[in-house]
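These protein sequence lines are chains A and B, in that order.
The first sequence stops at residue 154 when you use the working numbering, and every number in between is there.
The second sequence stops at residue 308 when you use the working numbering, and every number in between is there.
Even glycine gets a Cβ: it sits at the ideal position worked out from N, Cα and C.
To start, the structure itself, in structure tokens.
Number of protein chains: 2
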Amino acid sequence: MPRPGFELPLLLAGTFRELIDGLHAQLAEHGHGQARPIHGFALQAIGPDGITVSELGRRLGVTKQAAAKTAAGLEQIGYITRRPSPGDARAAVLTRTPRGEEMLDLSAAIFEQLRRDWVRRLGAQQVQAIEDGLAAIVTSSGGTKIGDLPGWLR
Amino acid sequence: MPRPGFELPLLLAGTFRELIDGLHAQLAEHGHGQARPIHGFALQAIGPDGITVSELGRRLGVTKQAAAKTAAGLEQIGYITRRPSPGDARAAVLTRTPRGEEMLDLSAAIFEQLRRDWVRRLGAQQVQAIEDGLAAIVTSSGGTKIGDLPGWLR
DNA sequence: GATAGTAGACAACTTAGTTGTCGATATCGT
DNA sequence: ACGATATCGACAACTAAGTTGTCTACTATC
Numbered sequence: 001m002p003r004p005g006f007e008l009p010l011l012l013a014g015t016f017r018e019l020i021d022g023l024h025a026q027l028a029e030h031g032h033g034q035a036r037p038i039h040g041f042a043l044q045a046i047g048p049d050g051i052t053v054s055e056l057g058r059r060l061g062v063t064k065q066a067a068a069k070t071a072a073g074l075e076q077i078g079y080i081t082r083r084p085s086p087g088d089a090r091a092a093v094l095t096r097t098p099r100g101e102e103m104l105d106l107s108a109a110i111f112e113q114l115r116r117d118w119v120r121r122l123g124a125q126q127v128q129a130i131e132d133g134l135a136a137i138v139t140s141s142g143g144t145k146i147g148d149l150p151g152w153l154r
Numbered sequence: 155m156p157r158p159g160f161e162l163p164l165l166l167a168g169t170f171r172e173l174i175d176g177l178h179a180q181l182a183e184h185g186h187g188q189a190r191p192i193h194g195f196a197l198q199a200i201g202p203d204g205i206t207v208s209e210l211g212r213r214l215g216v217t218k219q220a221a222a223k224t225a226a227g228l229e230q231i232g233y234i235t236r237r238p239s240p241g242d243a244r245a246a247v248l249t250r251t252p253r254g255e256e257m258l259d260l261s262a263a264i265f266e267q268l269r270r271d272w273v274r275r276l277g278a279q280q281v282q283a284i285e286d287g288l289a290a291i292v293t294s295s296g297g298t299k300i301g302d303l304p305g306w307l308r
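Right under this line is the structure:
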């Protein structure tokens, strides 16, 4: 039995973990067993038009070296390609492949399914209250960058 | 703007991160700048009567080797001591020092303060709804072990 | 054209975990 | 009593994801 006060962080961490585990269990069932938690967030950051490694690092809140590693992983799985930037000979543009798009669409669908499970168990009103409450707390301190949260993504 | 469905995990992660950051900012102000996020959870797991390294590993959900490393860190800061187990010549019992107890009491007080901040901003009812909702989701899949959540604790 | 800044690669290090192995000690069944 | 089996905690080697620092190539600006 924890000291009072220790409950809330454990609940938040546990629920997050539960969502991510559920996502990757289902992703694996649909042929995306190699996907790691960071991949979905990185693919989102890359966006439909593609960005450079340095920009990816900034958006994720990590160094460009760390972003380069993540990009290498994404490229190896086949979720992105690298192509020379038309306007800047130093830069390479990371672009999502159709398979990357598919993984992202699938992830969104799975998250929505998991949310529906919550609604079934808690009711729409309480799920909405959770989302609104957390949003009020988080947005008041600036947006959350994935890189703010070190290691999880394993 | 993320795809719909990606909101919820980001909210959970961001809120958790916010709590932990707030905790350690205040801990540092009170002379516990060396404390890492895992330390509070490990001290809780050790309990008032002390446990062995192996038991700590089981409670945290990590290997005993990893638990031994955490215990070494706690001992170095002065939060725990190791003493031979009276009944088992193989085992050493990890016991919280007064300074360890102080850190734990302080952490609990800070968490409660942060929760009061939430109540001030959201109202008691909505905070309660968040806690109840998350608890309903997490407990239905077994308790959360700290070790279920790999890296964060840096 | 010199100077200052940015893109991305390479190397070395850090941190927190893992598996596998091992000797010492406990426990249990016959 | 004793042998098989299990557990405690240490050591070594490895992995994964980040970090800082340094470097070259290229861009942009005065």
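Shorter than 8 angstroms from the beta carbon of residue i to some beta carbon of chain B?
i: threonine 15 of chain A; result: yes
i: leucine 106 of chain A; result: no
i: valine 127 of chain A; result: yes
i: leucine 74 of chain A; result: no
i: leucine 12 of chain A; result: yes
i: arginine 90 of chain A; result: no
Starting from the beta carbon of residue i, find every residue of chain A whose beta carbon is closer than 8 angstroms, and list them in chain order.
i: arginine 190 of chain B; result: Per Cβ cutoff of 8 angstroms: no residues; arginine 190 of chain B is ~11 angstroms from chain A at best.
Name, in chain order, the residues that DSSP records as bridge partners for residue i.
i: glycine 94 of chain A; result: The amino acid at residue 94 of chain A is misidentified as glycine; the sequence shows leucine. Leucine 94 of chain A is bridged to A/Ile51 and A/Arg82.
Does the beta-carbon distance from residue i to residue j come in below 8 angstroms?
i: glutamine 188 of chain B; j: isoleucine 231 of chain B; result: yes
i: alanine 196 of chain B; j: threonine 224 of chain B; result: yes
i: glycine 309 of chain B; j: glutamate 112 of chain A; result: Because chain B is modelled from 155 through 308, residue 309 of chain B falls outside the range shown and cannot be assessed.
i: leucine 248 of chain B; j: glycine 204 of chain B; result: yes
i: leucine 150 of chain B; j: leucine 181 of chain B; result: A query on residue 150 of chain B cannot be resolved here, the shown segment of chain B reaching from 155 to 308 and no further.
i: leucine 228 of chain B; j: histidine 193 of chain B; result: yes
i: isoleucine 174 of chain B; j: isoleucine 130 of chain A; result: no
i: arginine 157 of chain B; j: alanine 91 of chain A; result: no
i: arginine 250 of chain B; j: isoleucine 291 of chain B; result: no
i: alanine 67 of chain A; j: glycine 57 of chain A; result: yes
Within 10 Å of its beta-carbon, does residue i have 16 or more other beta-carbons around it, so buried, or fewer, so exposed?
i: arginine 308 of chain B; result: Bear in mind that the predicted position of arginine 308 of chain B carries a pLDDT of just 39, short of 50, making it unreliable; the figure below should be weighed with that in mind. Label assigned to arginine 308 of chain B: exposed.
i: arginine 213 of chain B; result: buried
i: glutamate 18 of chain A; result: buried
i: histidine 30 of chain A; result: exposed
i: threonine 52 of chain A; result: buried
i: glutamine 44 of chain A; result: buried
i: glycine 305 of chain B; result: Low confidence applies to glycine 305 of chain B: its pLDDT is 49, below 50, so where it sits in the model is not reliable, and the reading given next is rough at best. Result: exposed.
i: proline 191 of chain B; result: buried
i: glycine 87 of chain A; result: exposed
i: alanine 13 of chain A; result: buried
i: glycine 277 of chain B; result: exposed
What in chain B is Cβ-close to residue i, meaning under 8 angstroms?
i: isoleucine 20 of chain A; result: Pro163
i: arginine 115 of chain A; result: Gly159 and Leu162
Mind pulling the chain B residues with CB within less than 9 angstroms of residue i?
i: leucine 56 of chain A; result: In chain order: nothing, as chain B lies at least about 15 angstroms away.
Please compile the residues from chain A whose C-beta is within a distance smaller than 7 angstroms of the C-beta of residue i.
i: glutamate 310 of chain B; result: Coverage of chain B is limited to positions 155 through 308, which leaves residue 310 of chain B absent and any answer about it impossible.
Using a Cβ-Cβ distance cut-off of 8 angstroms, determine whether residue i contacts chain A.
i: glutamate 285 of chain B; result: yes
i: glutamine 198 of chain B; result: yes
i: glutamine 219 of chain B; result: no
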